[in-house]
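A.B. asks:
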Amino acid sequence: MVLLHYLPVSYLMGWEEYLKNKWLMAYILMLAISIADWTVSLCFLCEEYIRIRRVLRPFFLLQNSSLMKKTLKCIKRTLPELASVMLLLTVHLCLFTMLGMLLFVRAKDTQVNKEWLGYFHNLPDSMTSLLVLLTTANNPDVMIPAYSKNRAYSLFFIIFTVIGSLFLMNLLTAIIYNQFRGYLLKSVQTSLLRRRLGIRAGFEVLCCHRCFAGDVYDQTNSVGAETVVKVLQEVKMDSYCKTSIIEKARSYSSGLISADEFQKLFDELDRDAVREHPPRPVYRAPFLQTLQLLCSHRYFNYLGNIVALANLISICVILVMDADKPGSERDDFFLGAINCFFIPYYLLEMVLKIFSLGLRGYLSYPGNVFDGLLTVILLVLQITTIALYRFPHPGWKPAMLGLLSLWEMVRLVNMFVVFRFLRIIPNMKIMALVAGTLVDLVKNLRAFAGILVVAYYTFAIIGIGLFKDAVIAPGNKSVPLNVSSENITGQCGTFEQLNYWPNNFDDFAAALVTLWDVMVVNNWQVFLEAFSRYTSPWSKLYFVAWWLVSSVIWINLFVALILENFIHKWDRSQRQNLCEAQIEYQMTVQQMFRDDLEEPKEEELLERLRHHPHLHLSQ
1 MVLLHYLPVS
11 YLMGWEEYLK
21 NKWLMAYILM
31 LAISIADWTV
41 SLCFLCEEYI
51 RIRRVLRPFF
61 LLQNSSLMKK
71 TLKCIKRTLP
81 ELASVMLLLT
91 VHLCLFTMLG
101 MLLFVRAKDT
111 QVNKEWLGYF
121 HNLPDSMTSL
131 LVLLTTANNP
141 DVMIPAYSKN
151 RAYSLFFIIF
161 TVIGSLFLMN
171 LLTAIIYNQF
181 RGYLLKSVQT
191 SLLRRRLGIR
201 AGFEVLCCHR
211 CFAGDVYDQT
221 NSVGAETVVK
231 VLQEVKMDSY
241 CKTSIIEKAR
251 SYSSGLISAD
261 EFQKLFDELD
271 RDAVREHPPR
281 PVYRAPFLQT
291 LQLLCSHRYF
301 NYLGNIVALA
311 NLISICVILV
321 MDADKPGSER
331 DDFFLGAINC
341 FFIPYYLLEM
351 VLKIFSLGLR
361 GYLSYPGNVF
371 DGLLTVILLV
381 LQITTIALYR
391 FPHPGWKPAM
401 LGLLSLWEMV
411 RLVNMFVVFR
421 FLRIIPNMKI
431 MALVAGTLVD
441 LVKNLRAFAG
451 ILVVAYYTFA
461 IIGIGLFKDA
471 VIAPGNKSVP
481 LNVSSENITG
491 QCGTFEQLNY
501 WPNNFDDFAA
511 ALVTLWDVMV
521 VNNWQVFLEA
531 FSRYTSPWSK
541 LYFVAWWLVS
551 SVIWINLFVA
561 LILENFIHKW
571 DRSQRQNLCE
581 AQIEYQMTVQ
591 QMFRDDLEEP
601 KEEELLERLR
611 HHPHLHLSQ
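Numbering follows the UniProt record's numbering, with no gaps: position 43 of the sequence shown is 43.
(1) Decide if the stretch 520-536 is in contact with the stretch 406-426; the criterion is three or more beta carbon pairs, one per stretch, under 8 Å apart.
(2) Considering only DSSP beta bridges, list what Gly224 is partnered with.
(3) Just to confirm, is the Cβ distance from Leu557 to Lys540 under 7 Å?
(4) Out of Lys230, Ile144 and Thr71, state which residue places its alpha-carbon closest to the alpha-carbon of Lys186.
(5) What separation, rounded to the nearest whole angstrom, lies between the Cα atoms of Leu130 and Val380?
(6) So, with DSSP's three-state summary, where would you put Pro279?
(7) DSSP three-state label for Ala323, please.
(8) Rounded C-beta distance between Ile343 and Gln289? I'm assuming under 8 Å.
(9) Where in the stretch 478-553 do unbroken runs of the alpha helix (DSSP H), each at least 4 residues long, occur, reported from the N-terminal end onward?
(10) Within the continuous alpha helix (DSSP H) that includes Ser129, where are the two ends?
(11) Under a Cβ-count criterion, where at least 16 other Cβ atoms within 10 Å of its own Cβ denotes burial, should Trp546 be classed as buried or exposed?
(12) His297 lies in the alpha helix (DSSP H); which residues open and close that run?
(13) When you compare the stretch 57-69 with the stretch 120-136, are there three or more beta-carbon pairs, one atom per stretch, that lie closer than 8 Å?
(14) Tell me which residue opens and which closes the alpha helix (DSSP H) that Arg151 is part of.
(15) If we ignore side chains and look at the alpha-carbon of each, how far apart do Val307 and Val559 end up?
(16) Taking Glu81 and Gln189 to be in contact with their CB atoms under 8 Å, please state how far apart those CB atoms are, rounded to whole angstroms.
(17) With 16 as the cutoff for other CB atoms within 10 Å, does Gln491 come out buried or exposed?
(18) So what does DSSP say about Glu599, is it helix, strand or coil?
(19) On the DSSP letters alone, give me the boundaries of the alpha helix (DSSP H) that Arg54 sits inside.
(20) Of the choices Lys69, Lys73, Met127 and Arg106, whose alpha-carbon is the least far from that of Cys94?
(21) Which two residues bound the contiguous alpha helix (DSSP H) that contains Met143?
(22) Does the stretch 500-519 come within contact of the stretch 112-123, defined as at least 3 CB pairs closer than 8 Å?
(23) Apply the 10 Å Cβ neighbour rule to Thr90 and answer buried if 16 or more other Cβ atoms are within range, or exposed otherwise.
(24) Determine the direct distance from the alpha carbon of Met350 to that of Val453, and round the result to whole angstroms.
(25) Please tell me whether residue 620 and Thr375 are closer than 7 Å, where the distance is taken between their beta carbons.
(26) Between the alpha carbons of Phe160 and His92, how many angstroms are there, rounded?
(27) Tyr585 to Leu56, Cα distance in whole Å?
(28) Could you round the C-beta distance between Phe333 and Pro278 to whole angstroms and report it? I think they count as a contact, below 8 Å.
(29) Under 7 Å between the Cβ atoms of Ile245 and Glu268?
(30) Taking the C-alpha atoms as reference points, what is the distance between Asn113 and Gly164?
(31) Do you know offhand how far Leu548's Cα is from Cys74's?
(32) Comparing alpha-carbon positions, which option in Arg420, Arg411 and Val410 lies nearest Asp371?
(33) At the level of alpha carbons, what is the spacing between residue 637 and Arg411?
(34) Apart from the five residues just before and just after Ile424, which ones in its own chain have a Cβ nearer than 6 Å to its Cβ?
(35) Quick one: grab the DSSP three-state call for Glu115.
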């Protein structure tokens, strides 16, 4: 199906243009390799051990996302600057490795030998120990044997950590932020130029249409608003954007739209739909009007937040009091009584808000939807608890009925109460700004997460091919236990002693979790040591490569993007002349750099259109 799709595309584009597109050429190459690998699988009845096409699958995901391709291009251009710091980091690591091997040599004293035997036994072990120290994962374990003998040895590790972790690694983050932001800005500038060029080309085509129609107006400087509306009605786009553009086009009193106004029409494409809240219901009775005014006031929300905080504090107090009590002595009366008091209040609050705003108005606020959904869940759980176990009373410990015991039902209710406390976030400016930044990252930076997914998938497939069934848990009697692993099981801090057996590459899910644990770099030296012992010392290269891709490049890149997004949103929130809707609008990846973008000049656009190979305009 994919092949049948791309053959007509290549024919319509023309082979000349098709061969210039590196992504399409790479697509055909990957497709050919996949077909060849699929043929081999059929020949071996799908019993072959290595399937190359599994590793190639992420390419098809990348090829279909323009922003992911743009991000990869930016990373590629950033690599020279990264390479310079990585080279400096490598020199730093090698120099201190040699110094460490000279300082911690084998000696007759057993106490002195501990550092040599544990961390500087040979060149690979020495370099691995300092590489892990660069991530501070084995600090201070790596220096304790030498430090116990002589405190002056601590200077070696402190100087190494200060130079490597505090200076070079943070310098790496700064370079990624500065260089990547610059390249992404250039890429977004190019996208802006392409958009302006396409919109101006559409404007010129409509001008030519008016010219052929014999319009008496000045055809070269404007187009009719109704003509634009007719064209837009045939275009497939988001309904909100289409409606906004049509309304804006019809708002021009002269009925004509200039080139500059035509460009501004399509700025609506960068905006998310702003939901207008339905009108509130109108009540005639003075009492109902007063009640509506009180329940729709912001202080009513503040009261709800105070009640939610009181509920949370009361739960914490009871949990602290019952923390050391065994299950037989624990009384569920207090938690049950608290729920019987607060949940009816939450229900009353929801009903009053629906009364004051109307049902459609209540549901038009995302915070109310979240609050109301949790309130309904709490109400259902509380009614179920009372129906099964009756009302709470001192010594309330009935036998288990249904799927969950009383204690489990009470715990479930209180977990939802804790989630409901998140309602306070929109009411606190700084917290709302941070939460808004996180929402924008999830919404607008999906391409960067997509690249991480591709990296996870690729390394997981490679890891399964390299290390499947390499680490066998002791409970598996069918596989003989490695003698060396038996000898090391009792040692503190080893893979076996920490019971890290679930962290393996026996299946795809386990491989993903293992890669996540290595990316976090907490105790990742345990994985380095264990897999090098169970397989080969060269396995360390796999984990170091994953650390470089995930922790060094991608995490620093994501930190840079969080900084850019937060700084941009913070600056805009400080401008008092901007309304809230405008602040929400400027949060797409393209609009994140809007203040730094340079609008292309009209002469440049016209010059490019005149030399465009596929557009021939009548002069």
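Using N, Cα and C, we set each Cβ at its ideal position, and we do this for glycine too. Note that the structure is a prediction, hence the values are computed from the model and not measured.
C.D. replies: Let me lay it out:
(1) no
(2) Leu256
(3) no
(4) Nearest neighbour of Lys186 by Cα position, chosen from Lys230, Ile144 and Thr71, turns out to be Thr71.
(5) 56 Å
(6) Here Pro279 sits in coil by DSSP.
(7) coil
(8) Not confirmed; about 29 Å, so no contact.
(9) 483-488, 508-520, 524-534 and 539-547
(10) Leu123 to Leu134
(11) buried
(12) Careful: His297 lies outside any alpha helix (DSSP H) and carries neither H nor E.
(13) no
(14) Taken as a continuous stretch (DSSP letters only), Arg151 belongs to no alpha helix (DSSP H), as it is neither H nor E.
(15) 36 Å
(16) Incorrect: roughly 20 Å between the Cβ atoms, too far for contact.
(17) exposed
(18) coil
(19) Ile52 to Gln63
(20) Met127
(21) Run containing Met143: none; DSSP gives neither H nor E here.
(22) no
(23) exposed
(24) Rounded to whole angstroms, Val453 to Met350 spans 40 Å at the Cα level.
(25) One cannot answer for residue 620 here, as it falls past the ends of the chain, which runs 1 to 619.
(26) 8 Å
(27) A caution first: Tyr585 carries a pLDDT of 44, below 50, which makes its placement in the model unreliable, though a value can still be read off. Rounded to the nearest angstrom, the two C-alpha atoms are 37 Å apart.
(28) Not really, about 44 Å apart at Cβ, beyond 8 Å.
(29) yes
(30) 26 Å
(31) 17 Å
(32) Arg420
(33) What the structure shows of the chain is the stretch from 1 to 619, and residue 637 is not part of that stretch, so it cannot be assessed.
(34) Asn305
(35) helix
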